[in-house]
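Under the numbering used here, think of the first position of the sequence shown as 35, with each following residue one higher.
Built from N, CA and C at the ideal position, the CB exists for glycine as well.
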Amino acid sequence: MRGVFTMIEINKTYQHWLSNGNEETVFELKSIANDENEMKERFYRNLEFGTGGLRGVIGAGTNRINIYTVRQATQALANYLIYQGEEKKGVCISYDSRKYSDVFAAETACVLAANGIKAYLSDTLRPVPFLSYSVLHFKAAAGVMITASHNPPKYNGYKAYCSTGEQIAPEMANEIMKYIMEIDVFSDVKTMNLKQAISEGMVVMVGKEVEDAYLTCVLQQQRNPEITKNNDLKIVYTPLHGSGNIPVRRALEMAGFSNVLVVPEQELPDPAFSTVKSPNPEEKEGFKLAMELADKEGADLIIGTDPDCDRVGALVRETDGGFRVLNGNQTGVILLDYILSNTKLPKNGAVIKTIVTTYMANAICKAYGVTVMDVLTGFKFIGEKIKEFEASKEYTYLFGFEESY
35 MRGVFTMIEI NKTYQHWLSN GNEETVFELK SIANDENEMK ERFYRNLEFG TGGLRGVIGA
95 GTNRINIYTV RQATQALANY LIYQGEEKKG VCISYDSRKY SDVFAAETAC VLAANGIKAY
155 LSDTLRPVPF LSYSVLHFKA AAGVMITASH NPPKYNGYKA YCSTGEQIAP EMANEIMKYI
215 MEIDVFSDVK TMNLKQAISE GMVVMVGKEV EDAYLTCVLQ QQRNPEITKN NDLKIVYTPL
275 HGSGNIPVRR ALEMAGFSNV LVVPEQELPD PAFSTVKSPN PEEKEGFKLA MELADKEGAD
335 LIIGTDPDCD RVGALVRETD GGFRVLNGNQ TGVILLDYIL SNTKLPKNGA VIKTIVTTYM
395 ANAICKAYGV TVMDVLTGFK FIGEKIKEFE ASKEYTYLFG FEESY
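Put into structure tokens, the structure is as follows:
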């Protein structure tokens with residue numbers, strides 16, 4: 035059954051959860067026993083599994099993100115991979131700093147292990163780009179990132195990635211959703227103890243060795259590494275309480291930036307994101323503390339990343355002493371022009387952008403004799419086009435971006 039449930043179905047599902055949930059779940063559900071609207075909100079549907087996976091408010095219920103809906107989604111993913119004959123390749127898992135992210139990541143690993151699928155589980159919070167790299171590093175069939183990106187603290191989520199490290203396509207998402215609708219969260223899910231799964235080699239803890247390999251790969255993307263060696267540019271960085279703190283700082287240090295200042299109030303993981311209204315580096319409000327530190331220390335550049343570190347914001351100091359927030363289009367065209375002007379361009383070079391992205395990219399590419407291709411909104415569509423290039427050899431991929439930061 036898919037779609038909106040009737041009140042009879044809602045009451046039946048509510049009682050099912052009361053009878054089978056753990057102590058914490060039962061306590062939470064009993065507290066809403068006399069609140070029909072809250073009961074409806076929690077049970078009127080299943081969380082939708084789309085190209086971004088699951089995302090919802092943390093709490094008990096089918097329309098909430100919790101250990102049971104995470105297990106259900108993972109069982110569906112396992113069923114899909116087994117049906118596709120991909121189960122021997124394994125699945126990579128990482129997570130951000132949100133409430134229960136580490137718990138949901140462990141639950142994901144345990145369900146996969148119980149289904150005979152090896153899970154490569156990050157031993158600490160690490161960003162989305164690391165997760166995508168891990169999928170390629172281990173030649174895994176899929177990846178899972180526990181995060182709700184830059185949403186408010188009450189949310190968490192479950193992002194799914196395919197074997198190329200990009201977010202899953204609509205076709206795969208639809209197939210997984212079909213499996214979800216067939217799975218009872220209590221009786222149809224296989225799981226096992228994490229310690230046992232580790233001892234049996236079905237869960238492999240992923241640590242600094244793979245992070246080192248990832249950062250080495252990041253640094254290989256530099257066009258002029260000599261410029262950044264021992265560079266004294268003063269940079270203020272804020273991870274906004276998220277997973278970017280250590281890897282971003284390590285990458286900047288390895289590149290040669292020795293003068294990086296981190297906003298101390300936003301340095302450590304904080305599921306409440308207590309210093310900002312929203313942990314979104316697109317919004318200047320989140321940079322208030324960073325700008326204060328930059329003014330105090332005389333920094334010229336501010337960088338911020340969201341909780342799962344797949345979104346970056348930048349502020350640059352202007353001649354009047356204030357800071358300008360660069361939007362996604364501005365950041366993109368600056369990077370585009372720099373890359374094209376510092377690369378030996380192939381005859382079949384191509385840049386990919388989404389249909390909502392600035393046409394300034396077209397003008398820049400025309401000046402360099404580079405082809406521009408538009409795709410639908412979302413990096414997954416840029417990824418699909420890159421795969422087409424790799425298969426056909428018709429074009430050489432140079433850069434891709436969209437107006438979102």
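Bridge partners - residue i, DSSP secondary structure assignment
| i | result |
| --- | --- |
| Leu155 | Ile127, Met239 |
| Thr446 | Beyond the ends of the chain as shown, which are 35 and 439, falls residue 446; an answer cannot be given. |
| Val350 | Leu335, Arg358 |
| Thr272 | Gly338 |
Distance CB(residue i)-CB(residue j) smaller than 7 Å
| i | j | result |
| --- | --- | --- |
| Gln254 | Thr85 | no |
| Leu249 | Arg283 | no |
| Leu155 | Ile127 | yes |
| Asp130 | Gly276 | yes |
| Leu148 | Met226 | The sequence shown places Ala at residue 148, not Leu. In this structure, Met226 lies closer than 7 Å to Ala148 by Cβ. |
| Thr47 | Phe77 | yes |
| Ala94 | Ile217 | no |
| Val162 | Asp344 | yes |
| Val145 | Thr198 | no |
| Phe321 | Leu349 | yes |
| Gly87 | Tyr192 | yes |
| Glu209 | Tyr102 | no |
Inter-residue spacing [alpha-carbon to alpha-carbon] between residue i and residue j
| i | j | result |
| --- | --- | --- |
| Lys212 | Asn80 | 11 Å |
| Lys419 | Phe435 | 12 Å |
| Met35 | Val137 | Any reading at Met35 needs caution, since the residue's pLDDT is 41, under 50, leaving its predicted position unreliable; the model's value is listed next. About 29 Å. |
| Ala143 | Glu205 | 24 Å |
| Ile195 | Tyr393 | At residue 195 the sequence reads Tyr, which differs from the Ile that was named. In a straight line, the C-alpha of Tyr195 is about 29 Å away from that of Tyr393. |
| Lys13 | Ala306 | Since the first residue of the chain shown is 35 and the last is 439, residue 13 is not available in this structure. |
| Gln106 | Gln300 | 34 Å |
| Asp69 | Asn45 | 12 Å |
| Arg89 | Ile214 | 14 Å |
| Arg257 | Leu379 | 12 Å |
| Glu234 | Leu228 | 10 Å |
| Ile99 | Ser135 | 11 Å |
| Lys295 | Ala207 | Per the sequence shown, residue 295 should be read as Leu rather than Lys. So the two alpha carbons sit approximately 41 Å from each other. |
| Phe172 | Leu360 | 36 Å |
| Ala112 | Ile389 | 34 Å |
| Glu243 | Ser53 | 44 Å |
| Leu63 | Leu374 | 57 Å |
| Asn56 | Thr391 | 47 Å |
Any non-hydrogen atom of the ligand MN closer than 6 Å to residue i Cβ
| i | result |
| --- | --- |
| Ala247 | Judged by which ligands are present, the structure shown has none, so any question about the ligand MN falls away. |
Notebook entry, point to check: Counting pairs of beta carbons, one from the segment 268–277 and one from the segment 328–343, are three or more of them closer than 8 Å?
Noted result: As far as the Cβ criterion goes, the segment 268–277 touches the segment 328–343, which means the pair count is three or higher.
Item checked: Validate contact between the segment 398–411 and the segment 373–386 using beta carbons, cut 8 Å, 3 pairs -> yes
Notebook entry, point to check: Is the segment 176–192 in contact with the segment 306–317, if contact means three or more CB pairs nearer than 8 Å?
Noted result: yes
Check: Can you give, in chain order, each stretch of the beta strand (DSSP E) that sits fully within the segment 241–270 and has at least 3 residues?
Finding: none
Next item on the list: With a floor of 3 residues, list each beta strand (DSSP E) that falls wholly inside the segment 149–224, ordered by position along the chain.
Entry: 153–156, 176–180, 189–195
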